[in-house]
Amino acid sequence: MIGFPSQRQVYFSPLNFMLDIIAVTLIFSIPLSAILGSIYIKSKKLNLQKAESKRLLELLEENKQIKSRLESLETIIAGANLEMLTSGSLEDSEQVRAQIQAMKKQSRFRLED
15 MIGFPSQRQV YFSPLNFMLD IIAVTLIFSI PLSAILGSIY IKSKKLNLQK
65 AESKRLLELL EENKQIKSRL ESLETIIAGA NLEMLTSGSL EDSEQVRAQI
115 QAMKKQSRFR LED
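Here's what the structure looks like:
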């Protein structure tokens, strides 16, 4: 008879059962691993963006501080130049040079001549 198998042809085999379980597991594990992988990558990108924005804020704050220091130095130098121009005496200019040399030695940053 063609069609349904007879009782003798259909039997339960542990090997066939294991192969079926492995096949189903593989079929569902591929999309699951893709989903988990994309979640992992997104979380790493988010952490990296947070770290970058934190570093950017730190750099902006440091930039403000450096600008403030530079403005202070410009004010000091401009004041020293103004004093030298208005005083006209050689002794005053020597005194200003001595003050500038003392500031160079005391400053946090080394100033080049």
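Residues 15 to 127 (this note's numbering) make up the sequence shown, in order.
Quick reminder that beta carbons are idealized off the backbone N, C-alpha and C, glycines included.
As the structure is a computational prediction, the values presented were derived from the model and not from experiment.
Residue i and residue j closer than 9 Å at C-beta
i    : j   : result
I114 : I91 : yes
Per-residue burial, residue i [other beta carbons within 10 Å of its own, 16 or more giving buried]
i   : result
M15 : Note that M15 has pLDDT 46, beneath the 50 cutoff, so the model's placement of it is unreliable and the number below is only indicative. Per the 10 Å Cβ criterion, exposed.
N30 : exposed
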